[in-house]
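Notes follow the structure.
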Amino acid sequence: MKRKQILPAAAVLLSIAAFALLMVRSAANITRLTAATSRTAATAVLIDPGHGGEDGGAVCGEVQEKQINLAVSRDLADLLTLCGYEVELTRDSDNSLSDDGETVRKRKNNDMKARLALYNASADRVVLSIHQNKFNAASSRGAQVFYSPNDGRSAALAERIRFAVTALLQPDNERECKKAGKEIFLLKNAEVPAVLVECGFISNPQERELLLKDAYQKQMALAVAAGFINFDNTDNRK
Ligand SMILES: [Zn+2]
Numbered sequence: 000m001k002r003k004q005i006l007p008a009a010a011v012l013l014s015i016a017a018f019a020l021l022m023v024r025s026a027a028n029i030t031r032l033t034a035a036t037s038r039t040a041a042t043a044v045l046i047d048p049g050h051g052g053e054d055g056g057a058v059c060g061e062v063q064e065k066q067i068n069l070a071v072s073r074d075l076a077d078l079l080t081l082c083g084y085e086v087e088l089t090r091d092s093d094n095s096l097s098d099d100g101e102t103v104r105k106r107k108n109n110d111m112k113a114r115l116a117l118y119n120a121s122a123d124r125v126v127l128s129i130h131q132n133k134f135n136a137a138s139s140r141g142a143q144v145f146y147s148p149n150d151g152r153s154a155a156l157a158e159r160i161r162f163a164v165t166a167l168l169q170p171d172n173e174r175e176c177k178k179a180g181k182e183i184f185l186l187k188n189a190e191v192p193a194v195l196v197e198c199g200f201i202s203n204p205q206e207r208e209l210l211l212k213d214a215y216q217k218q219m220a221l222a223v224a225a226g227f228i229n230f231d232n233t234d235n236r237k
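Residue 0 is where the sequence shown starts when you use numbering that gives the first Met the number 0, and the numbers rise one by one after that.
As structure tokens, this is what we get:
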């Protein structure tokens with residue numbers, strides 16, 4: 000579905016100001032925003048907020064991954080729309096993509112199939128999937144980017160996003176990008192450039208607190224957007 004909601008003017012200005020500030024701060028490495036805004040044929044971006052509906056994703060107390068995924072994805076959609084990209088979301092509310100099936104497992108499988116159909120609906124799109132991580136050890140923290148093995152550009156996109164998140168938000172993060180295996184069904188079967196961004200660990204109390212904050216969600220969205228724009232102006236043009 001297309002995003003039609005218009006942000007209040009103040010929020011738009013704030014987003015632009017924050018985005019400009021972050022771009023200037025890392026100008027040596029993350030540049031060429033103007034090229035993104037002045038292009039004639041905009042790259043189509045599909046943003047996939049993981050889970051939704053009865054599938055909460057990772058759960059930690061009251062916190063369900065699906066809520067953070069959607070919040071970050073909406074911010075990311077707004078930013079990339081402002082930058083002139085053609086943006087779609089797989090979901091723009093707390094819902095699953097399919098209610099078909101008598102069991103939770105069957106409905107989950109159908110949801111995955113519906114998402115994959117959207118991923119591969121057009122050869123010209125790039126997919127940004129947004130998730131949150133969880134691990135037994137509460138000390139685990141930091142974003143990590145997974146990429147599809149099927150299109151060579153996916154690894155480059157993951158690396159650009161990893162760089163932006165590290166540069167702008169998490170200077171101590173040493174997590175490398177990882178190629179997705181069959182355990183990540185959507186990336187394994189995507190035919191277009193596709194990455195999955197695990198923004199952080201909701202099992203880490205400090206990081207969970209950050210991930211629940213509107214300001215941090217926007218900063219994360221800005222970092223992912225900056226990485227994507229850098230990719231689109233370099234690796235995606237070769
Ligand atoms: Zn997830």
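Glycine is no exception: its CB is placed at the ideal position from the N, C-alpha and C atoms.
- For residue 84, there is no enclosing beta strand (DSSP E), as DSSP marks it with neither H nor E.
- Rounded to the nearest whole angstrom, the C-alpha separation of residue 73 and residue 205 is 23 Å.
- Our two residues, residue 116 and residue 197, have alpha carbons roughly 22 Å apart in a direct line.
- For residue 144, there is no enclosing alpha helix (DSSP H); the residue is found in the beta strand (DSSP E) stretching over 143-146.
- If you keep only unbroken alpha helix (DSSP H) runs of at least 4 residues inside the stretch 36-108, you get 64-81.
- Under the rule that a run must span 4 or more residues, the alpha helix (DSSP H) segments found entirely inside the stretch 192-225 read 204-210.
- The beta carbon of residue 64 sits closer than 8 Å to the beta carbons of 49, 50, 55, 56, 57, 58, 130, 131, 133, 201 from its chain, once the five residues preceding and following it are set aside; these are given in chain order.
- Note that the C-beta distance between residue 160 and residue 191 is not below 8 Å.
- Rounded to the nearest angstrom, the gap between the Cα atoms of residue 60 and residue 95 is 21 Å.
- Note that the stretch 87-107 does not touch the stretch 160-169; fewer than 3 beta-carbon pairs, one per stretch, sit closer than 8 Å.
- Remark: fewer than three beta-carbon pairs, one from each stretch, lie closer than 8 Å, so the stretch 209-220 and the stretch 173-190 are not flagged as touching.
- At least one heavy atom of ligand 1 lies less than 7 Å from the C-beta of residue 49.
- A direct Cα-to-Cα measurement between residue 179 and residue 124 gives close to 19 Å.
- Taking the Cα positions, residue 155 is about 11 Å away from residue 145.
- Looking at the DSSP output, residue 127 sits in a beta bridge with 46, 194.
- Taking all protein chains in view, the Cβ of residue 236 is surrounded by fewer than 16 other Cβ atoms within 10 Å, so the residue is classified as exposed.
- Scanning the stretch 163-195 for uninterrupted alpha helix (DSSP H) segments of 4 residues or longer gives 184-188, listed from N- to C-terminal end.
- Judged by DSSP in its simplified three-state form, residue 132 adopts strand.
- Taking the Cα of residue 53 as reference, the smallest distance to any Cα among 142, 43, 66, 86 is reached at 66.
- One alpha carbon belongs to residue 93, the other to residue 47, and they sit about 12 Å apart.
- Beyond the five residues adjoining it in sequence on each side, residue 226 comes within less than 6 Å, by CB distance, of 159, 160, 163 in the same chain, given in chain order.
- Residue nearest to residue 85 within the set 91, 107, 42, 70 is 42 (criterion: CA-CA distance).
- Taking the CA atoms as reference points, residue 141 sits about 19 Å from residue 75.
- Rounded to the nearest whole angstrom, the C-alpha separation of residue 143 and residue 78 is 21 Å.
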